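Protein chains in written order, with my numbering: chain A, 1 to 280; chain B, 281 to 560.
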């Protein structure tokens with residue numbers, strides 16, 4: 001569980017770091033960023049995970065996410081992993097921004113040639129948390145998760161499968177039903193194969209239909225998001241929750257698009273919302 | 281004074297735009313960004329100018345500056361110009377990050393081959409303000425100015441030369457005495473020639489020595505800034521103010537470096553400080 005420090009910068013009273021480590025799950029070097037707010041010696045802080053969207057690395061949210069002021073205020077560690085394995089040994093889909101590198105979809109692939117390296121589910125659910133616990137002042141009994149777009153899908157599915165581990169789940173413009181939309185059908189079909197039953201644990205709407213529940217879900221979606229109608233289909237999450245008799249706070253934000261200009265607008269509110277639940 | 285809209289994104293309740301126009305001063309197309317907070321129909325908002333540092337365009341602060349929440353809260357328009365003329369017709373110093381494109385130093389060059397295009401002083405002092413006044417809900421009677429590094433030099437010198445126009449001046453890790461440091465000696469020497477008397481109006485310390493004054497100056501400087509000792513030399517500004525019997529708030533921020541992780545930490549405080557003076 002040794003990690004290498006790529007950079008550290010003092011910011012908002014804490015330390016914004018970028019780190020790398022050798023992942024047994026992906027068989028590659030993985031890079032991630034961690035913001036640790038100022039804290040008392042020996043204190044352990046709760047952890048908010050942020051999963052990024054298609055084409056992103058840890059860097060997009062680290063530079064543009066505007067989370068540090070809120071994390072410093074509430075005393076929350078912020079962890080931003082990469083979105084796929086990287087490197088020359090990792091198979092990729094050239095010229096496809098929505099599959100392969102930068103598009104791991106937070107699954108453990110079962111199909112060849114993806115199965116060896118594309119193990120982002122196990123990486124996020126097991127391996128990276130161990131590295132965080134071993135190297136940062138993190139209270140792993142207090143975790144929450146959020147994400148954007150493909151990463152919103154990741155946050156919802158990982159959170160719904162692990163409600164005991166994550167006290168709250170939020171998402172910015174998530175893909176809520178990948179089985180039903182082009183991005184998801186392509187990715188799940190190629191990573192997992194044609195048996196759609198195997199896709200259901202990677203689909204937030206299907207997970208809720210199949211009985212998964214979480215009492216604390218918050219979703220923000222911009223109404224001017226070009227991907228809303230075809231790829232994100234936020235209303236499917238609302239319908240699934242209604243049908244299941246469970247609750248989620250799903251907000252449509254007028255005039256906002258799919259960019260970090262949207263995410264950064266509501267980031268402080270999400271951090272505060274998670275922090276409230278992490279302090280219980 | 282027509283401008284072209286490159287992009288607009290809703291953010292923090294307002295509109296973050298990127299625009300371009302044909303500049304008569306530089307003889308090129310110039311790009312800049314403007315954030316306009318939500319406001320009442322017909323309202324005119326005060327303007328905070330942000331001048332960027334070496335190698336930057338408008339984009340760095342627009343993406344990483346974390347100013348929008350504070351500008352929205354205080355109702356301040358934020359304008360971020362480019363740092364030099366651009367394009368194939370503009371002479372450049374290849375492989376020199378600190379001269380030529382991206383390094384206009386906010387001067388009107390008098391030496392060849394720079395004099396034709398490198399007119400960032402007149403562009404910032406006259407031409408761009410007219411474009412802002414003509415195209416945005418800006419109250420040009422209420423302006424303030426800030427900037428980073430080379431842009432901190434720009435903010436201090438432009439502000440000190442125009443105290444009636446700018447109600448307050450702030451800077452993040454500014455070059456305070458370019459005549460005395462390698463970055464400045466190189467740039468001023470090549471843009472303005474060897475007569476150092478002509479450099480003094482582009483040097484904050486020299487301007488104060490020569491009688492320029494401003495009642496509202498705020499500077500933040502990180503102590504872990506790699507450029508502090510050789511290029512920035514913040515103490516020279518303090519010394520010049522002391523010798524002149526004038527006041528400036530100069531703060532050393534422990535552990536902070538030269539990056540946007542530093543700028544973004546103190547940005548909200550600078551915006552609030554300017555806003556207080558813009559509301560008088």
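Every residue gets a Cβ at the ideal spot worked out from N, C-alpha and C, and that includes glycine. Since the structure is predicted, the reported quantities are computational estimates derived from the model, not experimental observations.
At least one beta carbon of chain A lies nearer than 9 Å to the beta carbon of residue 346/B. The alpha-carbon separation between residue 422/B and residue 444/B amounts to approximately 10 Å.
Residue 50/A is a Cβ neighbour of residue 65/A, given a cutoff of 9 Å. Taking all protein chains shown into account, residue 97/A has fewer than 16 neighbouring C-beta atoms within 10 Å of its C-beta and is therefore exposed.
Only 9, 10, 11, 12 and 16 from the region 5-19 of chain A bring a Cβ to less than 7 Å from some Cβ of chain B. The C-beta distance from residue 174/A to residue 231/A rounds to 10 Å, too long to meet the 8 Å contact threshold. Beta-bridge partners assigned by DSSP to residue 330/B: 426/B. Inclusion of residue 338/B and residue 424/B in the CB contact set at 9 Å is not warranted, their separation being larger than that value. Looking only at 15/A, 6/A and 12/A, the smallest Cα-Cα distance to residue 32/A is reached by 6/A. Under DSSP, residue 383/B forms a beta bridge with 380/B.
Per DSSP, residue 9/A is one residue of the beta strand (DSSP E) stretching across 4-11.
Neighbours of residue 257/A in chain B, taken as residues at a C-beta separation under 9 Å, are given in chain order as 289 and 290. The three-state secondary structure of residue 527/B, taken from DSSP, is coil.
With a threshold of 9 Å between beta carbons, residue 262/A makes contact with chain B. Going by C-alpha positions, residue 387/B is about 21 Å away from residue 514/B. Residue nearest to residue 91/A within the set 113/A, 102/A and 84/A is 113/A (criterion: CA-CA distance).
Excluding five sequence positions before and after residue 134/A, the CB atoms of its chain that fall closer than 6 Å to its own CB belong to 1, given in chain order. Around the beta carbon of residue 363/B, 16 or more other beta carbons lie within 10 angstroms, which makes this residue buried. Using a CB distance cut-off of 9 Å, residue 222/A counts as an interface residue toward chain B. Beta-bridge annotation (DSSP): residue 299/B is paired with 285/B and 312/B. Residue range 484-489 is occupied by the alpha helix (DSSP H) that includes residue 488/B. For residue 262/A, the enclosing alpha helix (DSSP H) stretches over residues 260-278. Taking CB atoms only, residue 265/A has a neighbour in chain B less than 9 Å away. Contact check for residue 447/B and residue 459/B: beta-carbon distance about 27 Å, past the 8 Å limit, so the pair fails to qualify.
Of the residues assessed, residue 194/A falls on the exposed side of the cut-off, its CB having fewer than 16 other CB atoms within 10 angstroms. As summarised for the region 166-208 of chain A, the continuous beta strand (DSSP E) elements at least 3 residues long and confined to that stretch are 166-172, given in chain order. Distances from the alpha-carbon of residue 109/A to those of 252/A, 127/A, 190/A and 159/A put 190/A closest.
DSSP, read as helix, strand or coil, puts residue 112/A in coil. Going by beta carbons, residue 506/B and residue 10/A fall outside the 9 Å limit.
The Cβ of residue 63/A sits closer than 9 Å to at least one Cβ of chain B. Residue contact with chain A for residue 320/B: absent (no Cβ-Cβ distance below 9 Å to any residue of chain A).
Residue 486/B and residue 441/B have their C-alpha atoms spaced approximately 11 Å apart. Between residue 271/A and residue 70/A, the alpha-carbon positions lie close to 6 Å from each other. Per DSSP, the continuous beta strand (DSSP E) segment holding residue 360/B begins and ends at 357-361. Here the C-alpha atom of residue 120/A lies approximately 10 Å from the C-alpha atom of residue 23/A. Note: residue 500/B is bridge-paired with 452/B and 531/B in the DSSP secondary-structure output.
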